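Down below is the structure, laid out as structure tokens.
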Amino acid sequence: MSADLDTDADEVLDVRKIDGQPFDPIMAALGELSEGETLLLVNSFEPEPLYEVLTERGFEYESEQRGPDHWHVRIEHA
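Right, dumping it as structure tokens:
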């Protein structure tokens, strides 16, 4: 993993600030992502259940733990 996983992200979505389930906002952000753009997802835990969904929908991802309750997931079209 790159120490600068987030430096080239086109969009950032911090789901730690969302009250409730973050799945719909994540899918909405991915729906707006153009080819060649990246989304940085910031979460309080590793979103392992999301990985299969991303793969099924044609996205690639890289994850990095930044702290005890701080994860960055860089997502882009495969």
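Letter 13 of the sequence shown, counting from 1, is numbered 13 in full-length UniProt numbering, and no numbers are missing.
Quick reminder that beta carbons are idealized off the backbone N, C-alpha and C, glycines included.
Quick caveat, the model's predicted, so the values are computed rather than measured.
In angstroms, rounded to a whole number, what distance separates the CA positions of residue i and residue j?
i, j, result
"Q21", "N43", "12 Å"
"L54", "A9", "17 Å"
"F59", "K17", "23 Å"
"Y51", "I26", "12 Å"
"L33", "E62", "16 Å"
"H77", "E11", "13 Å"
"V73", "G31", "16 Å"
"E35", "R57", "13 Å"
"D24", "P49", "14 Å"
"D69", "E37", "26 Å"
Quick one: what's got a C-beta closer than 6 Å to residue i's C-beta in the same chain, skipping five residues either side?
i, result
"A29", "L13 and L39"
"V15", "P22 and N43"
"W71", "N43, E46 and Q65"
As a quick exercise: from the options, pick the residue whose alpha carbon is nearest that of residue i.
i, options, result
"I75", "E32, D19 and L41", "L41"
What does a CB cutoff of less than 7 Å around residue i pick up in its chain, not counting 5 residues either side in sequence?
i, result
"G67", "none"
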